[in-house]
Amino acid sequence: MASEFPYDLNALKESFVGSESLPTILEVEKGHVRAFAEAIEDANSLWANEMFARRTPFGGIVAPPTFLRVVSVQSIEELPDHFPFKRLLDGGSEWEYLHPVRIGDTVTAVSRITDLYGRIGRLGPMVFIVSEITYTNQLSQVVAIQKSTSIRY
14 MASEFPYDLN ALKESFVGSE SLPTILEVEK GHVRAFAEAI EDANSLWANE
64 MFARRTPFGG IVAPPTFLRV VSVQSIEELP DHFPFKRLLD GGSEWEYLHP
114 VRIGDTVTAV SRITDLYGRI GRLGPMVFIV SEITYTNQLS QVVAIQKSTS
164 IRY
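Numbering (my numbering) for the sequence shown: 14 to 166.
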């Protein structure tokens with residue numbers, strides 16, 4: 014099927030795989046964590062109750078794992094104007110959590126394109142762009158890694 018693909022995927026891969034976004038920085042504030050937990054209706058005391066959270070192995074309030082969804086990482090999938098696949102579909106994501114995000118942390122997020130491939134589907138030719146966002150705190154600890162796939166068709 015690769016021979017049927019109407020676009021030079023090797024050239025596209027060479028242009029995009031390995032590209033990195035500019036860093037996006039998030040200062041983690043107590044009110045922000047509390048508002049996020051309320052918005053997702055998660056009443057876990059780890060997110061808001063300092064006295065409770067200090068008695069846990071975390072030693073204080075931490076952010077819910079999904080909190081990192083608030084980080085707006087710069088898109089690096091700016092495809093050429095002549096690229097024929099303009100529609101975008103979210104192909105899903107996987108998260109790996111390595112360290113808790115704490116109040117007062119400065120989290121830096123950087124996205125990198127790790128793979129790009131094409132397929133012919135029911136909708137016709139599609140390009141899959143796989144990216145990885147690494148979230149690192151001020152101690153240089155990777156707190157989470159998000160692997161995402163976007164589909165252009």
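Don't be surprised by glycine CBs; every beta carbon is placed ideally from N, CA and C.
Taking residue i as the reference, which of the options has the closest Cα?
i	options	result
F80	R132, L102 and A122	A122
E109	T127, D128, L136 and I146	I146
P138	T127, F96 and G105	F96
E107	E27, L39, S163 and K26	S163
G44	I133, T37, A61 and D55	A61
Grab the span of the alpha helix (DSSP H) containing residue i for me, first residue to last.
i	result
F141	Element bounds for F141: not the alpha helix (DSSP H) but the beta strand (DSSP E), G137 to T149.
A48	K43 to A52
E17	It is not in any alpha helix (DSSP H) - E17 carries neither H nor E in the DSSP assignment.
Taking the beta carbon of residue i as the centre, do at least 16 other beta carbons fall within 10 Å, making it buried, or is it exposed?
i	result
R165	buried
D21	exposed
A76	buried
A50	buried
A24	exposed
L102	exposed
S124	buried
P78	exposed
Taking 8 Å as the threshold (C-beta atoms), are residue j and residue i in contact?
i	j	result
I142	G73	no
D118	Q151	yes
G131	F18	yes
L149	V155	For clarity, residue 149 is Thr in the given sequence; the question names Leu instead. Result yes, Cβ atoms of T149 and V155 sit closer than 8 Å.
L59	A66	yes
S144	T127	yes
V86	S34	yes
V84	L136	no
L111	A157	yes
Give the range of the beta strand (DSSP E) segment to which residue i is assigned.
i	result
V156	V155 to R165
S106	L101 to Y110
A122	T119 to G134
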